[in-house]
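The structure appears below as structure tokens.
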Amino acid sequence: MRMDKLLANMGFGTRKDVKKLMKSGSVHVNGDVVKEGKLHVDTDQDMVTVYGEIVKYKPFIYLMLNKPQGVISATEDAQHETVIDLLLFEHEMYEPFPVGRLDKDTEGLLLITNDGQFLHSLMSPKKHVTKTYVATVRGEVTNTDIDLFKQGVTLDDGYVTKPADLFIQKQGDVSEIELTITEGKYHQVKRMFEAVDKKVLTLKRTKIGKLTLDPELELGTYRELTEAEVDLLLPK
Ligand code: URA
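When you read off a place in the sequence shown, starting at 1, and then add 24, the result is the number in the working numbering.
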């Protein structure tokens with residue numbers, strides 16, 4: 025890997041910051057000063073130090089984003105801002121991708137990683153990873169809906185959903201609910217409510233498996249997962 029990429033990945037700032045740092049003579053590889061960003065290092069073999077401190081390369085990043093509305097869950101898009109556009113250079117350099125999709129108008133917990141295996145273990149239908157959403161729904165959500173969601177409802181394409189846990193938080197012409205599902209069909213939550221003649225007005229994902237969206241994260245901001253949080257998500 026190129027030295028400048030490694031240092032940027034390790035949080036030493038932007039490409040420009042890294043260039044300056046290297047020019048200053050503070051970066052050593054196996055004891056020799058290195059000033060050229062394009063020099064390649066072997067991240068397993070070579071010892072890189074900055075100001076005398078060893079820099080340990082980490083190959084993967086795991087980010088928790090509080091996705092705002094209006095941004096799409098993709099790595100690139102010709103017209104719209106993507107969740108990757110919200111990242112700092114030091115994270116974008118890992119070339120990460122979103123773990124699954126939230127609709128453009130859905131907010132909340134979205135994981136972003138460059139670890140394909142991690143993505144697979146969360147997305148595979150066989151793993152039944154739960155996803156929890158809160159929503160406001162036009163129409164009065166009732167105990168009948170709780171039972172129907174428990175049994176499985178038939179979506180517009182004939183698919184019958186797996187059992188889901190519905191909680192009514194506020195009942196009325198506009199209801200507030202929490203719903204936990206174990207699958208991720210296209211527009212699943214919206215279509216489940218359509219199946220019982222109601223309309224999702226706002227939707228936010230709050231949980232994936234045992235991981236809860238950090239309430240400190242403002243919309244559009246993100247942070248790295250802690251090791252404990254990554255462990256929470258990995259299958260036993
Ligand atoms: N279900 C939906 O309808 N939309 C989402 O973004 C996520 C789940």
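C-beta: ideal position from N, C-alpha, C; glycine also.
Output the distance between the C-alpha atoms of residue i and residue j, rounded to the nearest integer angstrom.
i, j, result
"Thr-204", "Met-25", "42 Å"
"Met-216", "Gly-163", "13 Å"
"Pro-149", "Thr-185", "13 Å"
"His-104", "Leu-110", "12 Å"
"Val-72", "Leu-112", "23 Å"
"Pro-262", "Leu-143", "This structure leaves residue 262 out entirely; the chain is present only between 25 and 260."
Helix, strand or coil: how does DSSP classify residue i here?
i, result
"Leu-256", "helix"
"Asn-90", "strand"
"Pro-187", "coil"
"Val-58", "coil"
"Val-123", "coil"
"Leu-146", "helix"
"Ile-108", "helix"
"Leu-172", "helix"
Would you mind working out which of the options sits nearest residue i, comparing C-alpha positions?
i, options, result
"Gln-141", "Pro-83, Met-88 and Leu-133", "Pro-83"
"Gln-193", "Ala-159, His-115 and Asp-238", "Ala-159"
"His-52", "Val-65, Asp-41 and Lys-40", "Val-65"
Kindly give me the distance between the Cβ atoms of residue i and residue j, rounded to whole angstroms, as I take these residues to be in contact under 8 Å.
i, j, result
"Leu-87", "Tyr-246", "5 Å"
"Val-107", "Leu-134", "6 Å"
Could you tell me if the beta carbon of residue i falls within a distance shorter than 8 Å of some heavy atom in the ligand URA?
i, result
"Gly-208", "yes"
"Tyr-157", "yes"
"His-152", "no"
"Leu-146", "no"
"Thr-211", "Note on residue identity: the sequence assigns His, not Thr, to residue 211. Indeed, a heavy atom of the ligand URA lies less than 8 Å from the Cβ."
"Lys-222", "no"
"Lys-231", "no"
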